[in-house]
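Accompanying notes for the structure given below.
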Amino acid sequence: MSKISITINDEPYKVESGQTIMEACKEHNIKIPSMCHFDGLTDVGACRLCLVEIEGQSKLLPSCTTQVEPNQKIRTHSDRLSGHRQMITELFFSERNHVCAVCVANGNCELQDLATEVGMKHVRFPYLFQECEVDASHAMFVIDHNRCIMCTRCVRVCSEVEGAHNWDVKNRGYKVRIISDFDTPWGESESCTSCRKCVEVCPTGSLWSKDKAQGQSKKNPQMIKDLIEKRKVNL
Amino acid sequence: MDYHEFEELSAKLKTQESMNSHKICVCCGAGCLSSGSEKILTDLQSRVKEQGLEDKIKVSASGCMGPCNQGPLVKIKPDETIYETVSSENLDTILDQHVKQQKPVPELMLFHEFRDTPYTNALEDPFFKEQHKIVLHNCGNIDPESIDEYIAVGGYRALARAINLLSPEEVIAEIKHSRLRGRGGAGFPTGLKFETVYKYVADQKYVVCNGDEGDPGAFMDRSVLEGDPHRVIEGMVIAAYAVGASQGFAYIRGEYPTAISRFETAIKQARKLGLLGKSVMNSSFAFDIEIRIGAGAFVCGEETALCASIEGKRGTPRPRPPYPAESGLWGKPTLINNVETLANIAPIIEHGGEWYTQLGTTKSAGTKVFALAGKVQYSGLIEVPMGTSLRKIIFDIGGGIQDGKKFKAAQTGGPSGGCIPEQHLDTPVDYESLAELGSIMGSGGLIVMDETSNMIDVAKYFMEFCMDESCGKCVPCRVGTKQLYDMLDRIVTGKAVQRDLDLLKQLAVMVKECSLCGLGMSAPNPLLSTLRYFHEEYDEQIRKNEILLQANG
């Protein structure tokens, strides 16, 4: 790998060629918000929080899937980007029923952290109050669709690291839902190995362990990142 | 069959066709089929047989002729006379008077209700006169289920020429020279796309025909697939030869059963003649085509979602780059072109790229097919040189607005496009001009609206479409289109105030700039363009809402 020169927010940097913009920024302690990205899993570019401005490009590009290029001029933070990020975060909150007060992940939730990071003070859009199921049929875990933000980290970790592919997605538009097997209760799944990787990578209180009560869920995503490293999952 | 044998067959079929004194085409395009043209075809065939005219007169089904709301249509060749709303009762009159006595029947002719004297040669009618048919050249003139008729009118000659006389590089150079651009909507230079796929070295490459036409009111690709499937196949084979692909897929939406069955028939016929298969025209070049049927998702028209769908996965888009030209189907270089783009390939190879550039504008060469629909007098399928003004299309070809009403807006590009108001009617229709007006060329849907249309309703209708068709992968499109739709609904139902309208605009811009694929990026276009040109309708509605809401406390 060779080093190339790029500019991030007007500062010059030397970065590895072949890296994504997000990786390069992380190495130089420039934080870009993101929800669907998870180190070691295939990037899908779905949450659109990590979009950055690149000089000469009319479109905003996701830093998780865009590679650095020599002499690239990147802007990770601007008024335009923070406006968009705040609005996307508001859309997340408006989409389903994120009631922090009664959530297991309260205080240990990436969605809450995101709201703080982007400076969201209130949600300007009406809540959709979608009807969402809570599936507690699994012996150890619960999936609460009210808290799901469709980052699909669970789908990817199950398929790419565990190799079970218990999780997938059904429906279209705002009606999309995570499904277990062919849309059967999780407890009846024939593919789930109960490995709990999905629970650990879930950024919100959507996937949680039954032994946790309100505000008690403390997830350990680092364990999964280490596991990916140790297993040398090469995607 | 090699080049020489093909030339012989081609000449033989041409002579055979010229033996008939008349050829009667019965339009079996989707519009005419739905008004009962199939029965007209069988009735006509049996009458010709009864009267012992089979040797002189050939009766065959054909693809779409164009003036779709006048169906069932029957065309008498070589006179080019078209009879409209033909019923089984009219058939004897047409046969006796026109075919036997050479006395055409004006009272049954196309547009006889609208013209003082209808045109015996329909091509002289204003509806056809302003058109220039390249893509639709054979549509309505040959039987789409007969490869013989296609070859008789010069079909597969371009393929024979390409394989036997041109190198892949020369084919690409010809396409580049023609300045043909993608007809699916975005207008990417086709020759450049060919070249990109050609340059990637891989053990396997693919050619995909995108026939997942999904814009409401659009039926261009459908008509080409139903009316002249061999033209699309020929384009695919030439494209595959140029880029070095050995497998092709035609992705056709499941809602087009006639297109699927005719395309399937055409593939079988082409295989039988050795125009598809392990050795195309006895050369070392191998190429075959499989059909993939879409399951009703609009987003699968987006190229990366289409690839996922062909691979058997959930049809959702992924970020580009990498573009399919580099990494498409199963990670291999893949050339994806729209039906209409592929239908342009054979004529360009046959007549040369230079010939193609003589039509259209400097930046947008050639012609464009439009599905003209809405409140125009004559709706249907038309093909005009690029750069033709909207006024010409709507008023000269389309005959103006129905019932003497006033023109209000033309909607181009379907749910991804915008509404163009009267003051821009003289804009030439090309990729750049339409984009400047906040609309897009799109795949060719053109919906004309009169003064009775409420533009907020129009924006709401298209937003609902995008909301329903969003794949749900990225947040701006998934939740944004739903929120935009709800806001528009609150405006029309009297619940929204000025503050909501301001937020609506901000959200529309965010969805446009942040969405993952073209669906989300263009979903706010109908809304934004109506806000741009018909702002007073929104202001008026908001003012009414505020007064009412205040009055009700």
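In the order they appear, the protein sequences are chains A and B.
At position 108 of the first sequence the residue is numbered 104 (the working numbering), and the sequence of numbers has no breaks.
At position 158 of the second sequence the residue is numbered 154 (the working numbering), and the sequence of numbers has no breaks.
Just so you know, even glycine gets a beta-carbon here, dropped at the ideal spot from N, CA and C.
Cross-chain neighbours of residue i in chain A, by beta carbon under 8 Å
i	result
V197 of chain B	Per Cβ cutoff of 8 Å: no residues; V197 of chain B is ~20 Å from chain A at best.
Contacts around residue i, its chain only, beta-carbon distance under 6 Å, and the 5 residues preceding and following it disregarded
i	result
P343 of chain B	I130
V70 of chain B	V22, Y79 and V82
C473 of chain B	S466, S511 and G516
A406 of chain B	L386, I416 and V444
C513 of chain B	E298 and P313
F530 of chain B	M451
I332 of chain B	V204, N206, E299 and P320
F215 of chain B	A367
Any non-hydrogen atom of the ligand NAD closer than 7 Å to residue i Cβ
i	result
G169 of chain A	You won't find the ligand NAD in this model; it holds no ligand whatsoever.
Under 8 Å from the C-beta of residue i: neighbouring residues of chain B
i	result
A42 of chain A	K469, C470, V471 and L512
F88 of chain A	V471 and V475
Span of the alpha helix (DSSP H) around residue i
i	result
G476 of chain B	V471 to V488
F294 of chain B	Element bounds for F294 of chain B: n/a, residue is neither H nor E.
M445 of chain B	Taken as a continuous stretch (DSSP letters only), M445 of chain B belongs to no alpha helix (DSSP H), being part of the beta strand (DSSP E) at G441 to D446.
G187 of chain B	T186 to K195
S14 of chain B	Y(-1) to S14
K226 of chain A	P217 to R227
Q537 of chain B	H531 to A547
I159 of chain B	R153 to L161
R152 of chain A	R149 to R152
K508 of chain B	Q494 to C510
Per-residue contacts from residue i into chain B (C-beta, under 7 Å)
i	result
E91 of chain A	V475
H33 of chain A	Per Cβ cutoff of 7 Å: no residues; H33 of chain A is ~12 Å from chain B at best.
Own chain residues within Cβ distance below 8 Å of residue i, not counting five before or after
i	result
K(-1) of chain A	K10, V11, E12 and S13
I234 of chain B	A154, L155, A158, V167, I341, A342 and I345
H108 of chain B	E80, P102 and P114
E106 of chain A	M31, P199 and T200
E379 of chain B	Q127, H128, K129, I130, V131, L132, T363, K364, V365 and F366
Opening and closing residue of the beta strand (DSSP E) in which residue i lies
i	result
G290 of chain B	D284 to G290
I4 of chain A	K(-1) to I4
R173 of chain A	R173 to S176
E222 of chain B	Where E222 of chain B is concerned, there is no enclosing beta strand (DSSP E), although the alpha helix (DSSP H) it sits in stretches over M216 to G223.
N334 of chain B	T330 to N334
H18 of chain B	H18 to C23
N134 of chain B	Per DSSP, N134 of chain B belongs to no beta strand (DSSP E) and is neither H nor E.
From the options, residue whose alpha carbon lies closest to that of residue i
i	options	result
H226 of chain B	B:K172, B:E251 and B:I256	B:I256
K19 of chain B	B:S56, B:S242 and B:G250	B:S56
S59 of chain A	A:L203, A:V119, A:I70 and A:P66	A:I70
D399 of chain B	B:G370, B:C296 and B:P320	B:G370
W204 of chain A	A:S90, A:M136 and A:V40	A:M136
I389 of chain B	B:G349, B:S360 and B:G440	B:G440
P63 of chain B	B:L368, B:V493 and B:G290	B:L368
S525 of chain B	B:D482, B:I436 and B:R288	B:I436
L91 of chain B	B:S17, B:A214 and B:G438	B:S17
I538 of chain B	B:G490, B:G549, B:L503 and B:L523	B:G490
Y247 of chain B	B:N334, B:A431, B:K268 and B:A361	B:N334
A519 of chain B	B:R486, B:V493, B:A547 and B:G414	B:G414
Other residues of its chain near residue i: CB distance less than 7 Å, five sequence neighbours each side excluded
i	result
S33 of chain B	V22, C23, C24, G67 and P68
R528 of chain B	G434
L162 of chain B	none
A304 of chain B	R310, G311 and T312
K208 of chain A	V100
G240 of chain B	P164, Y194 and K201
K221 of chain A	D35 and G36
Chain A contact residues for residue i, given Cβ-Cβ distances below 7 Å
i	result
R310 of chain B	V165
P315 of chain B	G41, P58 and T61
Listed by chain order, chain B residues near residue i by CB distance under 9 Å
i	result
L47 of chain A	E509 and C510
Cβ of residue i within 8 Å of any chain E Cβ
i	result
A169 of chain B	Within the model displayed, chain E is absent; protein chains A and B are what it includes.
#### Entry: Residues of the segment 436 to 467 of chain B whose Cβ lies closer than 8 Å to any Cβ of chain A, in chain order
Residues of the segment 436 to 467 of chain B whose Cβ lies closer than 8 Å to any Cβ of chain A, in chain order: M463, D464, E465, S466 and C467.
### Query
What residues in the segment 169 to 188 of chain A have a beta carbon less than 8 Å from any beta carbon of chain B?
So the list reads G169, Y170, K171 and V172, given in the order they occur along the chain.
### Message
At a CB distance below 8 Å, what residues from the segment 475 to 508 of chain B approach chain A? Give them in sequence order.
### Response
For the segment 475 to 508 of chain B, the set of positions with a beta-carbon nearer than 8 Å to some beta-carbon of chain A reads V475, G476, T477, K478, Q479, D482, L499, Q502, L503 and M506 in chain order.
### Message
What are the residues in the segment 99 to 125 of chain A lying within 8 Å of chain B by C-beta distance?
### Response
For the segment 99 to 125 of chain A, which is checked against every Cβ of chain B, the residues closer than 8 Å are R120, F121, P122 and L124.
### Message
Tell me which residues of the segment 70 to 86 of chain A have at least one Cβ-Cβ distance to chain B shorter than 7 Å, keeping chain order.
### Response
Sequence-ordered contacts of the segment 70 to 86 of chain A with chain B read H80, M83 and I84 [C-beta pairs closer than 7 Å].
### Message
At a CB distance below 9 Å, what residues from the segment 138 to 160 of chain A approach chain B? Give them in sequence order.
### Response
Those would be I145, M146 and T148, in chain order.
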